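If you're matching positions, the sequence shown starts at 9 in my numbering and goes up one per residue.
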Amino acid sequence: MPALVALIISAVVTCLLAWGMLRWAPRLGLTDLPNERKPHERETPIGGLALILGSLAGFLLFAPLSLELLSWLAGALGVALLGLIDDRWELNAPIKLLGQALLTLFPVLGGGLIIYSIHLLGMTIHLGVLAGPFTFIWLLGITNAFNLIDGLDGLAAGAVVILAASLALLSGPAGNEAALLLSLALLGASLTFLFFNTHPARLFLGDGGSYYLGFTLALLTVAALQAKWGPMEDIPFLVPVVLMGYPIVDMLWAIVRRAHAGRSILKADREHLHHQWLKRGWGYRRTVWMLYGLFTALAALGLLLHFLF
């Protein structure tokens, strides 16, 4: 029951704050202007703060707070603030990456949220001294991978709806109360935000919203697979990799593409996979719904891998 109430509270609070951000965001200078990298045609308010605060409202009301959870919260709010600053003043890419790296240390060093061993292809791999760096790279990589897919109206928010529902199905049977609460809080907040973010979007997530979601999903996709929120042992790592398969592939493709062209891998472009499908004439809604289908298929595969194998 608390998890269901958390979902409802997150949905309602996000809705109220999103309506407010339609008016407040332009006054705060939080708007996204069209340019050669972005497919939208008009200045659009950035309202990711509504989703962030909405999801936390439902979650924190019932969450069993601990050092591990507080360390996630510190990192998540930190990357969200970094993103909001970038939304307002446009930080350069190296500064953003450095800031993300420092903030990722909160859960890894401060809260001990480290992946110590993974289960892969029937083998348990103990990471030893590589456990900390492995966890750090996973968190930092997924945070940025998720940010990169936030290029079409409704794509990232809709992906969170699918992923959060899947994570609730994983964390419930595992008995992980904190992960279940957070999954359903994200589900409620993202469902409501999607109403404002569907094409043509009235609100954008912005970097603040997408960093927060990416950072949270990076940890949640792993933590939801065990009975408590804490140090992570014998994680069936293929499951989170499959769940986050599209963002991972898109990010790796972006790195290879930019490096091959002799450009900085941090320099943004309009050549992501979803942009390529748009250029081929798929249309906005068709592209987004096709990707929803892909996320759903990957989520179903991840659930099958976890429960059947």
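All residues carry an ideal CB built from backbone N, CA and C; glycine is no exception. Remember, predicted model here, so these are calculated numbers, not experimental data.
Cβ shell of residue i (< 8 Å), same chain only, five flanking positions each side left out
i: Leu313; result: Pro244, Leu246, Val247, Val250
DSSP state of residue i mapped onto helix, strand, coil
i: Met298; result: helix
i: Pro42; result: coil
i: Ile123; result: strand
i: Ile133; result: strand
i: Leu64; result: helix
i: Leu25; result: helix
i: Leu128; result: strand
i: Ile145; result: helix
i: Pro72; result: coil
i: Ile54; result: strand
i: Ile157; result: coil
Closest residue to residue i among the options (Cα-Cα distance)
i: Ser79; options: Gln108, Leu90, Phe70, Gly118; result: Gly118
i: Leu25; options: Thr304, Val13, Pro53; result: Pro53
i: Leu195; options: Phe212, Gly140, Leu228; result: Leu228
i: Leu178; options: Leu99, Ala101, Leu316; result: Leu316
i: Ala82; options: Ala182, Leu121, His280, Val230; result: Leu121
i: Leu138; options: Thr224, Tyr124, Arg210, Ala33; result: Tyr124
i: Leu148; options: Gly107, Leu128, Ala176; result: Gly107
i: Ile273; options: Leu92, Val20, Pro102, Leu30; result: Pro102
i: Leu309; options: Leu92, Gly253, Leu233; result: Gly253
i: Leu113; options: Trp97, Trp146, Glu279; result: Trp146
i: Val169; options: Gly301, Gly55, Ile126; result: Gly301
i: Met131; options: Glu241, Arg210, Ala167, His207; result: Glu241
i: Arg50; options: Leu57, Ala58, Asp40, Gly56; result: Asp40
Beta-carbon contacts of residue i that lie in its chain and below 7 Å, excluding the five residues immediately before and after
i: Ala88; result: Ile60, Gly216, Tyr219, Tyr220
i: Lys236; result: Asn184
i: Leu163; result: Ile157, His282, Val296, Leu299
i: Ile17; result: Ala65, Gly66, Leu69
i: Leu188; result: Ala11, Ala176, Ser179, Gly180
Beta-carbon contacts of residue i that lie in its chain and below 6 Å, excluding the five residues immediately before and after
i: Met259; result: Ala153, Leu156
i: Ala165; result: Ser198, Phe201, Leu202, Asn205
i: Leu75; result: Gly119
i: Gly86; result: Leu111
i: Cys23; result: Thr200
i: Val172; result: According to the sequence displayed, residue 172 carries Ala and not Val. Counting only Cβ-Cβ distances below 6 Å, and skipping sequence neighbours, we find Ser191, Leu194, Leu195.
Proximity test, residue i beta-carbon vs the ligand HEM heavy atom, cut-off 6 Å
i: Gly83; result: This structure lacks the ligand HEM; in fact it carries no ligand of any kind.
Exercise. Residue ranges of each alpha helix (DSSP H) run of no fewer than 4 residues wholly in the stretch 159 to 240, ordered along the chain?
Worked result: The stretch 159 to 240 contains these whole alpha helix (DSSP H) runs: 163 to 182, 185 to 205, 214 to 231.
request  = Mind listing, in chain order, the continuous alpha helix (DSSP H) runs of no fewer than 4 residues lying wholly within the stretch 258 to 283?
outcome  = The DSSP assignment places no complete run of the alpha helix (DSSP H) inside the stretch 258 to 283 (cut-off: 4 residues).
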